[in-house]
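Before any comments, here is the structure.
Residue numbers (full-length UniProt numbering): 1 to 548.
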C-alpha cells in the first residue's frame with residue numbers, strides 16, 4: 001500500500017493525510033506506508049474518513065462519569081522567548097461542566113476574534129464545538145503571537161495524564177486501546193504508554209518541548225472542543241536542537257542529561273529559528289489525529305476548552321531505537337522498557353556483538369565496568385564503591401567488610417537508577433534519608449566530596465555526597481537563577497511604568513508602578529482611582545486587556 005500526503009500544512013513540511021476508509025482500516029499497514037514521511041517531518045496530521053467519524057459512539061453519557069482529578073496549574077517564568085514551567089497539582093476535582101465553566105472565566109479566555117466578542121464570568125451552557133475551530137491560517141498566527149506575548153500571565157490549568165478513554169469496544173479501527181502494534185502485546189499495563197491518557201485543556205494549557213518516553217511514537221486525537229497548536233523539530237535537527245537546549249539550560253543539563261524528558265522547558269519558535277533551528281507549525285482540529293515519530297521533538301498549547309486522548313505505540317522499526325533510548329532517573333513516573341527481554345529474538349545479533357567486550361558487575365552498585373577490585377571471596381567491587389560504603393575498606397587491593405554491611409543498607413533503593421541493587425550510601429545532609437550508589441551520583445553530576453580527615457582504623461564512608469535537594473552546588477546555581485530573575489524583573493518594572501493588573505475573580509485594571517519590591521517579588525501600584533495596592537509580579541502585564 002502506497003499512501004501520499006494530500007497536502008502540507010501551510011505549505012510547510014508537515015504532511016497531511018486524508019486516507020480512504022479502505023486505506024484507514026489497517027492501522028499497522030497505514031503507519032508503515034507513511035513512515036518515511038513521518039521520520040522526515042517528525043510529525044504528521046491524519047484526517048480520518050467521514051465514514052469512520054460517523055460511526056463513533058456518542059460520548060456525552062461517558063463524560064458525566066469523568067472527573068478531572070488533580071489538574072496542574074502551570075507557572076511559566078522567563079522572558080525573551082526562553083521559559084521554564086513548574087506544574088503545581090490542584091487538590092480540587094472538576095466535573096466536565098465545572099471545567100468548562102472555569103475555561104469561560106475571564107482569566108482563561110483566548111483573545112477575542114473580533115472587537116464585538118465579550119467574555120463573562122456567569123454560568124454558560126456547555127458547548128462541545130469551539131468558535132476557534134477551522135479558522136484561517138492567518139487567524140491562528142495572530143492567536144499564536146498573543147500566546148507568546150502573554151505566556152507568563154494568567155496561569156492556565158491542565159487536566160493532563162488522566163488514565164482513561166472515551167472510545168469503546170464498538171470502535172474497531174484506530175481505537176487507542178487496541179492499536180495493532182508491538183506495545184499492545186506487552187504483558188504489563190503502562191499508563192499513557194500502552195493504555196491511553198485523557199487530556200482536558202484550556203487556553204494556553206501548554207506541553208513543553210519533549211520526545212516520547214523511550215523515543216516511542218505517539219498518537220493524539222481531539223474528541224471535541226478547540227484545536228491544539230503544535231510545533232515540531234525535524235528529526236534531522238535533533239542533535240542541533242539538543243545542543244542548543246543544553247547550552248541554554250546548562251544548569252539543568254548538568255543535573256540531568258535527560259532533562260528535556262522533564263517536559264518543563266519552553267523556547268519560542270522565533271528564538272530557535274534565530275539560532276538556525278528549523279521549526280514547523282501545525283494546528284490540529286477536533287476529530288483529527290496527530291502522530292509523532294521517534295526523535296521528533298514537539299511542543300504546543302491548547303486554544304480553548306477541549307478534550308484529547310493520547311497513547312504511545314511502536315512499529316517493528318522502533319526496536320533498534322528502543323535499545324538505544326535513554327531514560328531520566330530524576331522523576332518518579334519515568335518509563336523504561338526492557339527491550340532485550342521483550343523482543344529477544346530481534347536483538348540477538350546485537351547481543352552477540354556485545355559479547356566481545358566483557359564487563360563485570362559490581363557487588364555494591366548497578367553499573368558494570370571492565371575494571372574492578374575483588375573481595376576476599378572473589379566478588380567484583382569498584383574501588384570508589386568500596387570507599388563510599390561505610391562498612392567496607394581496601395587493603396592491598398582487596399576489599400574487606402562486605403559481610404559487615406547491614407541488611408537495611410542492601411534494601412535501599414537508589415534515587416537515580418531506581419534499583420534495589422548493591423549497597424547505597426545516603427545523603428550527608430542532616431537527617432536526609434535519600435540513598436544512591438556513588439557511581440550513579442557521579443554520573444548525574446552530584447556533589448561528591450572526599451573526606452579530608454578519613455581515619456582508616458575506623459572505617460566509614462570516605463565521601464560526603466548529597467541528594468539533588470541538598471546539593472550545595474545546585475543550591476548555589478538555583479540561587480543565582482533566582483537572583484537573575486529578580487534582577488531582570490526589577491529592570492522591567494520601572495517607576496511610573498504604565499501597566500495592567502489582574503485581580504482574582506475580577507478583571508484587569510490599568511495603573512502605574514510606584515515602587516518595585518524585589519524582596520517580595522511584588523510592585524506597589526497606583527490604580528486609576530488613586531488606590532495603591534501591592535501586586536505580585538505574575539499578575540502584572542504590559543499588554544492591554546484585549547490581548548490577554
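Glycine is no exception: its CB is placed at the ideal position from the N, C-alpha and C atoms. Quick caveat: nothing in here was measured; it's all calculated off a predicted structure.
Who are the near neighbours of residue i in its chain, counting only those whose CB is closer than 7 Å to its CB and skipping five residues on each side?
i, result
"residue 337", "214 and 322"
"residue 410", "423"
"residue 160", "72 and 199"
"residue 536", "521 and 522"
"residue 552", "Residue 552 is absent from the structure shown; the chain starts at 1 and stops at 548."
"residue 448", "438, 441, 442, 463 and 465"
"residue 31", "315"
"residue 110", "132, 143, 203, 303 and 304"
"residue 350", "Confidence is the limiting factor: at residue 350 the pLDDT is only 42, short of 50, which leaves the residue's position unreliable, though a coordinate-based value still follows. For residue 350, where only same-chain residues beyond five positions count, the Cβ hits under 7 Å are 323."
"residue 29", "1"
Among the candidates the options, whose CA atom is the shortest distance from the CA of residue i?
i, options, result
"residue 158", "99, 232, 482 and 315", "99"
"residue 387", "377, 518, 365 and 408", "365"
"residue 143", "382, 70, 489 and 304", "304"
"residue 196", "156, 312 and 153", "312"
"residue 193", "259, 77, 361 and 314", "314"
"residue 64", "97, 76, 91 and 40", "97"
"residue 401", "461, 513, 160 and 108", "461"
"residue 301", "293, 428, 267 and 320", "267"
"residue 46", "394, 292 and 520", "292"
"residue 298", "477, 373 and 206", "206"
"residue 552", "94, 81 and 77", "With the chain covering only 1 through 548, there is no way to say anything about residue 552."
"residue 531", "537, 509, 520 and 516", "509"
"residue 114", "464, 139, 104 and 392", "139"
"residue 385", "432, 465, 408 and 212", "465"
"residue 492", "517, 165 and 475", "517"
"residue 128", "362, 5 and 201", "201"
"residue 82", "29, 485 and 502", "485"
"residue 203", "89, 8, 131 and 481", "131"
"residue 390", "408, 397 and 494", "408"
"residue 253", "177, 275, 330 and 325", "330"
"residue 481", "53, 33, 79 and 39", "79"
Since residue i sits in a beta bridge, which residues does DSSP pair it with?
i, result
"residue 230", "282 and 300"
"residue 31", "Note: residue 31 sits in no beta bridge, so no partner."
"residue 523", "516 and 535"
"residue 449", "464"
"residue 540", "501"
"residue 198", "162 and 309"
"residue 15", "8"
"residue 380", "374"
"residue 217", "313"
"residue 1", "BP columns for residue 1 are empty, so no partner."
"residue 292", "43 and 218"
"residue 361", "368"
"residue 157", "73"
"residue 393", "400"
"residue 191", "195"
"residue 100", "Looking at the DSSP assignment, residue 100 forms no beta bridge with any residue, so it has no partner."
Just to check my reading of the structure: residue i and residue j have Cβ atoms closer than 8 Å, yes? What is that Cβ distance to the nearest angstrom?
i, j, result
"residue 255", "residue 419", "With a Cβ gap of about 20 Å, residue 255 and residue 419 do not count as contacting."
"residue 310", "residue 218", "6 Å"
"residue 497", "residue 512", "7 Å"
"residue 405", "residue 373", "About 16 Å separates the two Cβ atoms, so there is no contact after all."
"residue 463", "residue 450", "6 Å"
"residue 307", "residue 223", "5 Å"
Grab me the residues of residue i's own chain with a C-beta within less than 6 Å of its C-beta, minus the 5 sequence neighbours each way, in chain order.
i, result
"residue 12", "280"
"residue 296", "42, 43, 232 and 235"
"residue 487", "none"
"residue 112", "none"
"residue 327", "334 and 336"
"residue 75", "86 and 155"
"residue 421", "366"
"residue 10", "137"
"residue 21", "49 and 51"
"residue 561", "It is not possible to answer for residue 561, since the shown part of the chain is limited to 1 through 548."
Please find out if some non-hydrogen atom of the ligand MG comes closer than 6 Å to the beta-carbon of residue i.
i, result
"residue 173", "Inclusion of the ligand MG in the displayed structure is not the case, the ligand content being empty and no account of it being possible."
Among the residues of its own chain, which have a CB less than 8 Å from the CB of residue i, if the five just before and after it don't count?
i, result
"residue 48", "19, 24, 174, 287, 288 and 289"
"residue 264", "84, 85, 86, 87 and 208"
"residue 277", "233, 237, 240, 241 and 244"
"residue 36", "none"
"residue 353", "Legend: pLDDT at residue 353 = 42, less than 50; position of this residue unreliable, no value from coordinates given."
"residue 67", "93, 94 and 95"
Is the segment 215-234 touching the segment 281-296 in the sense that three or more CB pairs, one from each, lie closer than 8 Å?
Segments in contact, yes.
Are three or more beta carbon pairs between the segment 180-190 and the segment 238-254 nearer than 8 Å?
no
Check whether the segment 531-542 touches the segment 148-167, counting contact only when three or more Cβ pairs, one atom from each stretch, lie closer than 8 Å.
yes
Take every Cβ of the segment 56-75, pair it with every Cβ of the segment 513-525, and state whether three or more of those distances are shorter than 8 Å.
Under the 8 Å Cβ criterion, the segment 56-75 does not count as touching the segment 513-525, having fewer than three qualifying pairs.
How do the segment 425-440 and the segment 465-480 stand: do at least 3 beta-carbon pairs fall below 8 Å, yes or no?
yes
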